[in-house]
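*Asks:* Sequence order for the protein chains is A and B. First residue of the first sequence? That's 14 in the working numbering, and the numbers climb one at a time after it. First residue of the second sequence? That's 38 in the working numbering, and the numbers climb one at a time after it.
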Amino acid sequence: MNPFMPDLLPAYAEIFLVVMASVILIADLFVPGRDRGLTYGLSLATLVGCAVLTVGTMQAGGGPPSYAFGNMFVSDYMGNVLKLFTYMAVAACFVYSRGYLADRDLLKGEFFALALFATLGMLVMISANHFLSLYLGLELLSLCLYAMVALNRDSAASTEAAMKYFVLGALASGLLLYGMSMIYGATGTLDISAVSKALEGGRAAKPVLVFGLVFVVSGLAFKLGVVPFHMWIPDVYHGATSAVTLFIGSAPKLAAFAMAMRLLVNGLLELAVDWQQMLVILSVASMAIGNLAAIAQTNIKRMLAYSTISHMGFMLLGMLSGVVNGNWLNAADAYGAAMFYSLVYVLMSLGAFGVVVLLSRSGFEAEQLTDFKGLNRRSPWFAFVMLVMMFSLAGIPPTAGFYAKLSVLQSTLAAGQVWLAVVAVMFSLIGSFYYLRVVKLMYFDEPEDHSPVTARPDMAVVLSANGLAVLLLGILPGPLMQVCYFAIRAL
Amino acid sequence: MQPHAPWLTLSIWVPIVAGLVVLATGGDRNARVARLIALIGALIGFLVTLPLAAGFNTGTSAMQFVELTPWIERFNINYHLGVDGISVLFILLNAFITVLVVIAGWEIIQSRVAQYMASFLIMSGLLNGVFAALDAMLFYVFFEATLIPMYIVIGVWGGQNRVYAALKFFLYTLLGSLLFLVSLLYLYNKSGGSFSILDFHKLPIPMAAQTLLFFAFLAAFSVKVPMWPVHTWLPDAHVEAPTGGSAVLAAIMLKLGAYGFIRFSLPILPDASHALSGFMITLSLVAVVYIGLVALVQADMKKLIAYSSIAHMGFVTLGFFIFNAYGVEGALVQMISHGFVSAAMFLCVGVMYDRMHTRMIADYGGVVNTMPKFAAFMMLFAMANCGLPATSGFVGEFMVIMGAMKANFWLAFLAATTLIFGAAYTLWMYKRVIFGAVANDHVGGLQDIGGREFLVLALLAAAVLWMGVYPAAFTEIMHASVNDLLKHVAVSKL
Chain A
14 MNPFMPDLLP
24 AYAEIFLVVM
34 ASVILIADLF
44 VPGRDRGLTY
54 GLSLATLVGC
64 AVLTVGTMQA
74 GGGPPSYAFG
84 NMFVSDYMGN
94 VLKLFTYMAV
104 AACFVYSRGY
114 LADRDLLKGE
124 FFALALFATL
134 GMLVMISANH
144 FLSLYLGLEL
154 LSLCLYAMVA
164 LNRDSAASTE
174 AAMKYFVLGA
184 LASGLLLYGM
194 SMIYGATGTL
204 DISAVSKALE
214 GGRAAKPVLV
224 FGLVFVVSGL
234 AFKLGVVPFH
244 MWIPDVYHGA
254 TSAVTLFIGS
264 APKLAAFAMA
274 MRLLVNGLLE
284 LAVDWQQMLV
294 ILSVASMAIG
304 NLAAIAQTNI
314 KRMLAYSTIS
324 HMGFMLLGML
334 SGVVNGNWLN
344 AADAYGAAMF
354 YSLVYVLMSL
364 GAFGVVVLLS
374 RSGFEAEQLT
384 DFKGLNRRSP
394 WFAFVMLVMM
404 FSLAGIPPTA
414 GFYAKLSVLQ
424 STLAAGQVWL
434 AVVAVMFSLI
444 GSFYYLRVVK
454 LMYFDEPEDH
464 SPVTARPDMA
474 VVLSANGLAV
484 LLLGILPGPL
494 MQVCYFAIRA
504 L
Chain B
38 MQPHAPWLTL
48 SIWVPIVAGL
58 VVLATGGDRN
68 ARVARLIALI
78 GALIGFLVTL
88 PLAAGFNTGT
98 SAMQFVELTP
108 WIERFNINYH
118 LGVDGISVLF
128 ILLNAFITVL
138 VVIAGWEIIQ
148 SRVAQYMASF
158 LIMSGLLNGV
168 FAALDAMLFY
178 VFFEATLIPM
188 YIVIGVWGGQ
198 NRVYAALKFF
208 LYTLLGSLLF
218 LVSLLYLYNK
228 SGGSFSILDF
238 HKLPIPMAAQ
248 TLLFFAFLAA
258 FSVKVPMWPV
268 HTWLPDAHVE
278 APTGGSAVLA
288 AIMLKLGAYG
298 FIRFSLPILP
308 DASHALSGFM
318 ITLSLVAVVY
328 IGLVALVQAD
338 MKKLIAYSSI
348 AHMGFVTLGF
358 FIFNAYGVEG
368 ALVQMISHGF
378 VSAAMFLCVG
388 VMYDRMHTRM
398 IADYGGVVNT
408 MPKFAAFMML
418 FAMANCGLPA
428 TSGFVGEFMV
438 IMGAMKANFW
448 LAFLAATTLI
458 FGAAYTLWMY
468 KRVIFGAVAN
478 DHVGGLQDIG
488 GREFLVLALL
498 AAAVLWMGVY
508 PAAFTEIMHA
518 SVNDLLKHVA
528 VSKL
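The following block contains the structure:
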């Protein structure tokens with residue numbers, strides 16, 4: 014390969030995104046008015062363009078993974094699937110939050126530019142094949158998110174949340190970096206594939222590796238938001254404006270999943286016995302604390318924050334059942350299940366926060382659970398969408414959430430971890446209580462507030478599609494499961 | 038096998054699609070349209086189940102009307118439907134009760150009519166799915182999905198304490214179902230990647246695993262039956278549910294648990310079933326005797342009937358776990374009969390409740406003076422509830438007692454006490470409510486049943502009498518399948 018003209022084909026989507034994000038940042042200066050129609054349109058068009066380019070690379074490199082930037086960047090089937098879902102999630106966030114932000118005078122070009130740069134960070138994380146590119150992507154994402162949380166700078170809660178997020182996030186990045194440096198010390202390389210090879214050789218010093226692994230897993234756990242590194246989640250979800258919460262709660266989960274896959278599976282699979290034990294603790298603690306704490310919440314954003322924690326814990330069950338007694342037979346099943354879980358979770362999270370954003374009007378935040386009272390009277394259709402989301406989050410068939418839980422539980426049992434599966438379903442049972450409470454408020458109670466629920470046409474269409482997608486995936490989950498399975502097998 | 042029309046698919050999806058259409062009619066301004074569409078949907082839903090009865094071959098225990106399409110290939114889950122002599126009757130019963138429930142809710146439900154009717158239609162389709170599913174995961178999906186409409190029905194149209202009852206109903210049943218799910222996944226891994234119930238029937242399982250699975254299945258099914266001591270959700274849910282909800286709950290939903298025992302526990306885990314039969318029989322007898330006594334002291338009519346349901350279902354589980362043809366067939370007959378009788382009893386209470394807005398026995402007295410036609414119907418159903426010969430209630434109880442007699446005299450003796458308790462609580466309630474002098478002005482002002490109510494009760498009365506006088510029509514259908522089941526249960530799978 015010519016070092017001066019590297020083959021950038023695998024990274025066309027990212028390059029396009031960075032160019033367009035810069036263009037949007039500048040173009041927005043010349044867009045008059047509060048509505049930001051042009052910025053909004055351009056941002057959505059950028060995401061569509063990225064999707065087209067990603068699909069293009071998928072066809073071009075249909076077979077083995079293709080690399081760019083001297084092996085630092087990989088484009089494979091799993092990455093591309095995750096990227097496509099990321100575009101979808103970000104686009105849905107734009108559609109949902111436009112009216113909300115416009116009502117609050119927060120619809121500025123910065124929101125779109127930051128979100129697009131954050132998206133770029135996620136894409137880099139998804140495609141990282143090198144500790145440095147992974148870290149770069151992570152930091153780009155995190156810095157954009159810190160700024161987005163503080164978007165509403167006149168709000169004390171937002172500023173506080175941003176500060177907390179920043180301090181804790183920086184600490185977690187430090188941990189991750191420290192862990193990576195240990196692994197570098199033991200293996201002599203930062204390239205993820207090379208790390209994997211060095212570990213297979215078995216010459217690397219085990220104590221140093223495991224020491225590094227602990228820090229890597231801690232950093233990862235922070236980004237996923239699992240117990241005991243979960244403290245930031247409720248505060249950030251609560252403090253940020255709902256539109257930003259919507260953003261944080263959706264697409265970055267995919268990037269975090271990709272990061273876990275790249276680090277633990279692509280890189281450190283040889284150490285699976287060690288990190289799987291750590292994940293067991295993280296997973297069980299997250300399901301316990303997430304589900305129990307969510308019951309006590311009266312603020313729906315906090316409730317959904319704790320629900321996120323429990324869901325990430327559940328997803329980890331898939332991550333930790335890939336390798337059984339040094340045997341990788343279950344790996345594609347287990348990681349495929351975890352990937353399916355993440356994708357479905359993002360869809361559910363988008364829908365649930367979408368309804369929260371929908372109910373907020375100018376001068377009114379629908380943040381309390383009681384704001385959902387009697388929603389069925391005010392808007393039967395959106396109450397139904399929220400009903401589907403809640404039952405899906407609780408994992409009741411026929412919704413997508415059930416199949417997500419089913420596939421993860423199946424891989425857990427296939428790995429012989431019966432007790433983990435039983436613990437998981439027991440906490441799901443506890444969890445279903447607070448989802449049911451939302452349904453109860455919407456359907457069984459009389460509304461306190463009779464103002465009609467109005468949605469912009471674009472939001473109404475996308476939110477409805479989101480709800481129907483969760484229902485449709487609940488009736489025909491097969492194809493997406495297959496996609497996830499192949500994505501992992503192609504790694 | 039001859040090609041056949043997809044009657045099972047139709048019997049599942051016709052009510053569901055009709056329910057969605059009803060839902061689309063929107064608010065209460067279109068209530069008339071919603072009711073009409075719901076009735077048409079329920080009637081078509083009933084009509085498409087009739088070929089199942091007409092074309093049913095009673096000579097074989099094999100699954101009939103089988104449909105098999107891959108559904109989720111990743112996990113080898115199939116859209117696999119079929120009925121045998123055990124399940125076909127429940128599909129017919131369910132479709133029949135759905136029509137009655139739609140008619141019974143015609144005038145009573147005035148708020149959110151479309152959502153009410155749609156919930157029942159969708160639930161009816163899902164329940165048919167449970168009875169027709171031959172793939173364990175398909176079964177589970179239908180089994181769980183029925184919770185959603187029922188939760189909404191109890192919570193939205195229920196009485197005072199409806200939220201508590203709805204939550205209790207949901208969480209209790211979910212607890213059992215989740216353990217059931219884990220067990221199914223265990224069996225899936227054990228069988229080398231199949232969710233087919235028929236494959237599970239052949240799968241050898243060691244005793245320790247059988248015992249654990251048995252308790253997991255028990256958790257799921259005993260809550261649904263409900264068996265003592267996990268029955269406490271039922272009185273709450275029944276009392277708070279609207280009349281139609283109670284009728285469907287008692288007539289069909291409770292059968293899911295018992296059906297689960299006969300489709301899953303007995304044939305998949307025969308050794309554990311035998312080993313634990315004493316335990317199951319004890320629980321059943323506690324339900325029959327103790328719950329019968331509890332029913333006696335109830336002041337609320339719906340609660341009384343709810344407790345009587347638990348006692349009757351105790352008979353069903355008793356019949357299953359004595360492992361002879363009389364017991365199992367008697368239990369199945371009892372299930373069908375209880376479907377008619379409990380639905381009828383709840384509808385009777387509903388008739389009175391709509392007029393008086395109270396379910397307390399003490400608020401009534403002398404209803405016969407103002408509602409003679411109604412009193413006659415209720416008399417019949419009360420008699421059926423306590424198992425009088427020539428009503429459907431007698432046949433099942435008699436067969437189970439006969440089966441129990443073959444197993445053990447004292448067992449039969451204890452089981453037979455139900456005839457006394459049943460008569461005591463049902464007739465005593467009947468006496469206090471219906472007979473005597475007119476108790477108060479409200480009772481004095483009662484109107485007798487109208488044409489719509491007459492139709493519903495007459496249809497149920499006809500069913501109860503038909504089954505009481507000529508039960509062979511029902512037992513013939515189930516005979517081959519029950520014998521086959523017992524043959525399977527007798528063979529160890531260790």
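All residues carry an ideal CB built from backbone N, CA and C; glycine is no exception.
(1) Show which residues of chain A have a CB atom less than 8 Å away from the CB atom of V178/B.
(2) What residue range is occupied by the uninterrupted beta strand (DSSP E) comprising E104/B?
(3) Can you grab the Cα-Cα spacing for the pair M14/A / A24/A, in whole Å?
(4) Hey, how far is the Cα of A474/B from the Cα of G403/B?
(5) On a Cα-Cα basis, can you pick out the residue from S48/B, N445/B, L216/B that is closest to P88/B?
(6) Taking the DSSP output, what are the residues bridged to N312/A?
(7) Out of S206/A, D248/A, P241/A, Y191/A, state which residue places its alpha-carbon closest to the alpha-carbon of V223/A.
(8) On the DSSP letters alone, give me the boundaries of the beta strand (DSSP E) that H117/B sits inside.
(9) Taking Cβ positions, are I373/B and F511/B nearer each other than 8 Å?
(10) Can you tell me where the beta strand (DSSP E) with S79/A in it begins and where it stops?
(11) Can you give me the C-alpha to C-alpha distance between V470/B and Y401/B, rounded to a whole angstrom?
(12) Just the Cα atoms here: how many angstroms apart are T454/B and G414/A?
(13) Per DSSP, which one or two residues make a beta bridge with A141/A?
(14) At a CB distance below 8 Å, what residues from the region 431-447 of chain A approach chain B? Give them in sequence order.
(15) Can you list the residues of chain B that L426/A reaches, using a CB-CB cut of under 9 Å?
(16) Less than 8 Å between the C-beta atoms of Y177/B and F217/B, yes or no?
(17) So with CB distances below 8 Å, who are the chain A contacts of A182/B?
(18) Which residue wins for smallest C-alpha separation from V346/A, given the options I501/A, R117/A, G54/A?
(19) Please identify the residue among V451/A, C157/A, L233/A whose C-alpha is closest to the C-alpha of L204/B.
(20) Let me know the secondary structure DSSP gives M264/B once reduced to three states.
(21) From the DSSP output, which residues share a beta bridge with V337/A?
(22) What are the residues in the region 327-342 of chain B lying within 7 Å of chain A by C-beta distance?
(23) Put D116/A into one of helix, strand or coil per three-state DSSP.
(24) Give me the subset of the region 95-109 of chain B whose CB atoms are less than 9 Å from a CB atom of chain A, sorted by chain position.
(25) Mapping the DSSP letters down to three states, classify M325/A as helix, strand or coil.
(26) Quick one: which chain B residues come within Cβ less than 8 Å of M494/A?
(27) Using a Cβ-Cβ cut-off of less than 8 Å, list which residues of the region 180-213 of chain B approach chain A; keep chain order.
(28) Closest to S334/A by C-alpha separation, out of V293/A, M325/A, M316/A, L371/A, would be which residue?
(29) Run through chain B and tell me which residues come within less than 8 Å of Y348/A, C-beta to C-beta.
(30) Along the chain, where does the alpha helix (DSSP H) that runs through G491/A open and close?
(31) Just mark W194/B as buried or exposed, buried being the case when its beta carbon has 16 or more other beta carbons within 10 Å.
(32) By the 10 Å Cβ neighbour count, where 16 or more other Cβ atoms means buried, how is L313/B classified, buried or exposed?
(33) Within 8 Å (strictly less), CB to CB, does G491/A reach chain B?
(34) Looking at the C-beta of L322/B, does it have a partner C-beta in chain A at a distance below 8 Å?
(35) F270/A and M352/A look like a contact to me (Cβ under 8 Å); what is the Cβ gap, rounded to whole Å?
(36) Tell me which residues share the same chain as L417/B and place their Cβ nearer than 6 Å to its Cβ, disregarding the 5 neighbours each side in the sequence.
*Replies:* This is what the structure gives:
(1) P410, P411, F415
(2) 101-109
(3) Summary for M14/A: the model assigns pLDDT 46, below 50, so the residue's position carries little reliability, and this model does not support an answer.
(4) 5 Å
(5) S48/B
(6) Q381/A
(7) Y191/A
(8) 114-120
(9) yes
(10) 79-81
(11) 5 Å
(12) 47 Å
(13) F86/A
(14) V431, A434, V435, V438, M439, S441, L442, S445, F446
(15) V219, L222, Y223, Y225, N226
(16) yes
(17) I409, P410, P411
(18) First, the residue type needs correcting, since residue 346/A is Asp and not Val in the sequence shown. When only C-alpha atoms are compared, the closest one is I501/A.
(19) V451/A
(20) coil
(21) N340/A
(22) none
(23) helix
(24) P107, W108, I109
(25) helix
(26) I109, R111, F112
(27) E181, A182, L184, I185, Y188, I189, G192, V193, R199, V200, A203, L204, F207, L208, L211, L212
(28) V293/A
(29) None at all; the shortest Cβ gap to chain B is about 14 Å.
(30) 491-502
(31) buried
(32) buried
(33) yes
(34) no
(35) 7 Å
(36) A498
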